[in-house]
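So the structure is just underneath, and the comments pick up after that.
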Amino acid sequence: MLQRQRILRASRLNSVIDFVASGGRASAKAHTLVMLDGVQYPGNVARVLRYSSSFGAGALILGEGAVTEDLLQLALNYSHYSTLSGPRIFTTTDPIELIDALRKDHDFVVCALENKEEAISRGVCTMLQWIDLTAASSDSCYLRSSHLLMVAGGEADGVSDAVLGVADAVLSIPTAEGTHHSFNVSYALAIALFERYKHTSTWTNSCRVNVTRGHDNAASTI
Numbered sequence: 581m582l583q584r585q586r587i588l589r590a591s592r593l594n595s596v597i598d599f600v601a602s603g604g605r606a607s608a609k610a611h612t613l614v615m616l617d618g619v620q621y622p623g624n625v626a627r628v629l630r631y632s633s634s635f636g637a638g639a640l641i642l643g644e645g646a647v648t649e650d651l652l653q654l655a656l657n658y659s660h661y662s663t664l665s666g667p668r669i670f671t672t673t674d675p676i677e678l679i680d681a682l683r684k685d686h687d688f689v690v691c692a693l694e695n696k697e698e699a700i701s702r703g704v705c706t707m708l709q710w711i712d713l714t715a716a717s718s719d720s721c722y723l724r725s726s727h728l729l730m731v732a733g734g735e736a737d738g739v740s741d742a743v744l745g746v747a748d749a750v751l752s753i754p755t756a757e758g759t760h761h762s763f764n765v766s767y768a769l770a771i772a773l774f775e776r777y778k779h780t781s782t783w784t785n786s787c788r789v790n791v792t793r794g795h796d797n798a799a800s801t802i
């Protein structure tokens with residue numbers, strides 16, 4: 581218990597912005613961040629921590645509205661966090677402000693993971709770039725961008741409309757025709773992070789994406 585409490589305290593010492601500005605650390609660079617928007621099950625958070633560690637994500641950001649001390653401690657326990665090389669864990673009270681700051685100050689590209697058919701049926705994401713995570717998608721400049729924030733949504737409602745409204749692109753995992761298009765949030769992130777890792781493991785094909793959105797919000801602190 582004491583070890584988990586120390587990890588929790590340490591994870592909150594610096595803001596996400598400070599972490600990115602410092603470049604992360606040798607084992608967990610700040611070029612790839614993961615945000616969970618409304619995920620409430622500690623088992624899912626634990627798996628995301630492990631997959632983020634496996635594929636080189638520097639930090640996991642959790643919205644405080646869905647996070648409790650019990651959830652964090654259970655997730656740390658389930659993931660055996662003390663044995664991992666990362667990622668750092670942060671919380672935010674304002675995901676939109678944080679996204680704006682990451683984009684404006686550190687050139688982050690923001691990609692949300694969402695069920696394409698459901699999102700379109702809700703009338704959102706109709707104007708965004710869709711990236712199907714197939715073999716061809718591995719050449720996407722969004723996945724090869726110098727700084728990438730991946731956002732995945734809660735178990736019931738997915739990524740919120742507010743977050744989708746400030747995303748640059750949406751990642752979707754296609755399935756065989758006639759099958760139910762649904763993935764556990766941790767498994768969807770594992771697939772997306774692996775596609776990202778194809779580039780970050782070597783950086784031989786890295787490129788930058790010029791984002792045209794205009795945001796001038798101040799950086800949020802965690």
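In the numbering used here, the protein residues as written are 581 to 802. Beta carbons are placed, not taken as given, at the ideal position from N, Cα and C, and that holds for glycine. Given the structure is predicted, the values throughout are model-derived calculations rather than measurements.
Compute the beta-carbon to beta-carbon distance between residue i and residue j, rounded to the nearest angstrom, for a pair I have assumed lies under 8 Å.
i: Leu-693; j: Ile-669; result: About 19 Å separates the two Cβ atoms, so there is no contact after all.
i: Val-647; j: Ser-632; result: Not quite, the Cβ-Cβ distance comes to about 16 Å (not below 8 Å), so this is no contact.
i: Asn-624; j: Val-765; result: 5 Å
i: Ser-740; j: Asp-617; result: 6 Å
Relative to the C-alpha of residue i, which residue among the options is closest?
i: Gly-734; options: Gln-620, Ala-749, Leu-642; result: Gln-620
i: Cys-691; options: Gly-603, Phe-599, Leu-773; result: Leu-773
i: Ala-699; options: Pro-667, Ser-752, His-660, Val-746; result: Ser-752
i: His-660; options: Pro-622, Ala-610, Lys-778; result: Pro-622
i: Tyr-722; options: Tyr-658, Gly-703, Tyr-777; result: Tyr-777
If you count every other CB in all the chains shown that lies within 10 Å of the CB of residue i, and 16 or more means buried, which is it?
i: Gly-697; result: Just to set this straight, residue 697 is Glu in the shown sequence, not Gly. It is exposed - the Cβ of Glu-697 has fewer than 16 other Cβ atoms within 10 Å.
i: Asp-680; result: buried
i: Thr-780; result: buried
i: Thr-755; result: exposed
i: Ala-742; result: exposed
i: Glu-649; result: exposed
i: Glu-775; result: buried
i: Ala-606; result: Residue placement at Ala-606 cannot be trusted, given a pLDDT of 44 that sits under 50; what the coordinates show is reported in the next sentence. Exposed: under 16 other Cβ atoms inside 10 Å.
i: Ala-608; result: Residue placement at Ala-608 is flagged as unreliable, the pLDDT there being 49, under the threshold of 50; the coordinate-derived value follows with that caveat. Under this definition Ala-608 is a buried residue.
i: Leu-656; result: buried
i: Thr-782; result: exposed
Are residue i and residue j closer than 8 Å when you measure CB to CB?
i: Arg-630; j: Leu-664; result: yes
i: Gly-638; j: Thr-612; result: yes
i: Val-750; j: Leu-682; result: no
i: Asp-687; j: Ser-726; result: yes
Based on the DSSP secondary-structure assignment, which residues constitute the bridge partners of residue i?
i: Ser-752; result: Asp-712
i: Gly-733; result: Asp-617
i: His-668; result: Checking the displayed sequence, the identity of residue 668 turns out to be Arg instead of His. Ala-639, per the DSSP bridge assignment.
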